[in-house]
Amino acid sequence: MAIRRLSDIDVRGKRVFIRADLNVPQDDQCNISDDSRIRASVPAIRDALARGAAVMVTSHLGRPAEGQWTPAESLAPIGRRLADLLGADVPLIRDWVDGGPWLAALRPGQVVLLENCRMNKGEKKNDDALAQRMAELCDIYVNDAFGTAHRAEATTHGLAKFAAVACAGPLLAAELDALGKALADPKRPLVAIVAGSKVSTKLTILRALAAKVDCLIVGGGIANTFVLAAGGKIGKSLAEADLASEAKAILDEFPGKVPVPVDAVVAHEFSAGAKPELKAIENIAPDDLILDIGPTTVAALKTVIARAGTIVWNGPVGVFEFDAFAGGTKAIAEAIAASPAFSIAGGGDTLAAIAKFGLEKKIGYISTGGGAFLEFLEGKTLPAVEILETRANS
Ligand code: ADP
Ligand code: MG
């Protein structure tokens, strides 16, 4: 179904509200460790400004408690980076939902950043009253946040429902075009790599994916859950034991499709300085922490990746932030880069890993979405896209 696009709409003199995805990874001091998502959000803002709109931008960042401002989840550092990239002032506005002096002062050609939208009560529940108040702020609502398109929240869904005009920004439109084209008829074998730490949010996606792909490579906490399901030991590693039966069902239903790691790099503590130790899965001790896949597992996966026709990748296979445990993720990333397959990668930390290894240019398409990317892959309708389709016809 068709959606309206920002590029098709006359924004001169209009108030334009852009829901971007500026949810970037940060270190303990809130320094931005990878600004890909901020950079990817710049074209929509620039375009609206250049065409004479008064622009307000918001995003979520992390998981703040609704109704509370906390410095750790403030968009302040993101605003500073955005200002550098735009070469313009980007004032940060707190308590913005009901407008006020900042809105009255906002002129065409100017941009403000509206503080973390998840600090507003009702954001996550997609509260209609909140969305209606936000819709009053603007003439045109632009969703450019592919990364949260799988969630119906007040700024991704409710606002699209109530704003006078609702459309997709260039990033959202480009993501839908690129992923749709690549996945409509993928060159086989189709290999999916699903790893990382968000076990419960990703495990449910695995079943649907297992049915679609020729090989499903698991890593990180997800792989640990599969090792448990296959009867292996994981010590005190990250996993969700209550989901092991679900993982077991996938292994049984798709025999041979989901290779389970056979070795791992373990440590006794979760830290950058922890001493790495290589172990076969059957030798994992109760106090071991699996922090990366081991070389035998890597070698097997490299063969699969080299033969693939299409590769989709979400999630680092180890704690790549610590150099001693980055080897598996680096090897997988390099294998994808070297493979003749068309490759698509998505996910905040996945992009950070690709950037760390300097492989951005060797991946076929870099998606800014993690969960949204996986759900798109799974064939689900993304609620934030669905409402734009509905609005295009109303
Ligand atoms: P993405 O943001 O790409 O979707 P996730 O947020 O799900 O990925 O997961 C990324 C995180 O998973 C990284 O911070 C990485 O350190 C962590 N991780 C990977 N493997 C393990 C592991 N074995 N144990 C603990 N954390 C892990
Ligand atoms: Mg992440």
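Residue numbers for the sequence shown follow my numbering, so the first one is 1208 and each next one is one higher.
Don't be surprised by glycine CBs; every beta carbon is placed ideally from N, CA and C.
Does the Cβ-Cβ distance between residue i and residue j come in under 8 angstroms?
| i | j | result |
| --- | --- | --- |
| Ile1551 | Val1519 | yes |
| Ile1245 | Arg1288 | yes |
| Leu1366 | Arg1226 | yes |
| Ala1538 | Lys1509 | yes |
| Gly1403 | Asp1556 | yes |
| Val1467 | Phe1433 | yes |
| Ala1338 | Ala1356 | no |
| Arg1258 | Val1218 | yes |
| Asp1351 | Gly1387 | no |
| Gly1553 | Ile1500 | no |
| Asp1494 | Lys1440 | no |
| Val1473 | Glu1484 | yes |
| Ile1424 | Val1223 | no |
| Ala1255 | Val1262 | yes |
| Gly1274 | Lys1328 | yes |
| Leu1299 | Leu1310 | no |
| Val1511 | Leu1450 | no |
| Leu1458 | Ala1437 | yes |
| Val1231 | Asp1242 | yes |
| Ala1506 | Lys1486 | no |
Answer with buried or exposed for residue i, where buried requires no fewer than 16 other C-beta atoms within 10 angstroms of its C-beta.
| i | result |
| --- | --- |
| Pro1523 | buried |
| Glu1322 | buried |
| Pro1308 | exposed |
| Glu1567 | exposed |
| Asp1479 | Correcting the residue identity first, residue 1479 is Ala in this sequence and not Asp. Its Cβ having fewer than 16 others within 10 Å, Ala1479 is exposed. |
| Leu1496 | buried |
| Ala1456 | exposed |
| Ala1391 | exposed |
| Trp1276 | exposed |
| Ala1542 | buried |
| Glu1330 | buried |
| Lys1332 | exposed |
| Pro1427 | A quick correction: the sequence has Gly, not Pro, at residue 1427. The residue is buried, with at least 16 neighbouring Cβ atoms inside 10 Å. |
| Ala1559 | buried |
| Lys1221 | buried |
| Lys1482 | exposed |
| Ala1371 | exposed |
| Ala1446 | buried |
| Arg1340 | buried |
What is the C-beta distance between residue i and residue j, in whole angstroms, given that I count them as a contact (C-beta under 8 angstroms)?
| i | j | result |
| --- | --- | --- |
| Pro1284 | Ile1239 | 6 angstroms |
| Lys1464 | Cys1422 | 6 angstroms |
| His1364 | Ile1594 | 5 angstroms |
| Arg1598 | Ala1247 | Going by Cβ atoms, the distance from Arg1598 to Ala1247 rounds to 23 angstroms, so no, they are not a contact pair. |
| Ala1540 | Ile1573 | No, Ala1540 and Ile1573 are not in contact; Cβ-Cβ is about 12 angstroms, not under 8 angstroms. |
| Gly1316 | Glu1343 | Between Glu1343 and Gly1316 the Cβ distance is about 22 angstroms, and since that is not below 8 angstroms, they are no contact. |
| Val1469 | Thr1504 | 5 angstroms |
| Pro1271 | Met1326 | 5 angstroms |
| Ala1548 | Gly1516 | 5 angstroms |
| Thr1575 | Asp1228 | 6 angstroms |
| Thr1359 | Ala1591 | This sequence places Ala at residue 1359; Thr is not what is there. Yes, they are in contact, since the Cβ atoms of Ala1359 and Ala1591 sit about 7 angstroms apart, within 8 angstroms. |
| Ala1415 | Glu1585 | 4 angstroms |
| Cys1324 | Thr1265 | 5 angstroms |
| Ile1429 | Leu1581 | The Cβ separation is near 12 angstroms, so there is no contact. |
The alpha helix (DSSP H) with residue i in it runs from where to where?
| i | result |
| --- | --- |
| Met1263 | Note, Met1263: premise wrong, no alpha helix (DSSP H); beta strand (DSSP E) at Ala1261 to Thr1265. |
| Thr1368 | The amino acid occupying residue 1368 in the given sequence is Lys; Thr does not appear at that position. First-last of the alpha helix (DSSP H) with Lys1368: Leu1366 to Phe1369. |
| Asp1335 | Asp1335 to Ala1342 |
| Val1511 | Pro1502 to Arg1514 |
| Val1592 | Pro1590 to Ala1599 |
| Val1467 | Looking at the DSSP string, Val1467 is not in any alpha helix (DSSP H), and its letter there is neither H nor E. |
| Val1434 | Gly1427 to Ala1436 |
| Ser1452 | Ala1451 to Glu1460 |
| Arg1288 | Ala1283 to Leu1293 |
| Leu1276 | Rather than Leu, the amino acid found at residue 1276 in this sequence is Trp. Note, Trp1276: premise wrong, no alpha helix (DSSP H); not H, not E. |
Residue i bridges to which residues according to DSSP?
| i | result |
| --- | --- |
| Ser1574 | Gly1553 |
| Asn1521 | Val1401 |
| Ala1385 | Bridge partners of Ala1385: none, in fact. |
| Cys1422 | Val1398 |
| Phe1224 | Met1263 and Tyr1348 |
| Cys1374 | Val1349 |
| Leu1268 | DSSP, once it has assigned bridges, lists no residue as partnering Leu1268. |
| Gln1233 | Ile1239 |
| Gly1442 | Leu1496 |
| Ile1300 | Leu1321 |
| Arg1212 | Ala1375 |
Starting from residue i and walking both ways along the beta strand (DSSP E), at which residues does that stretch end?
| i | result |
| --- | --- |
| Asp1470 | Asp1470 to Ala1474 |
| Ala1487 | Glu1484 to Ala1487 |
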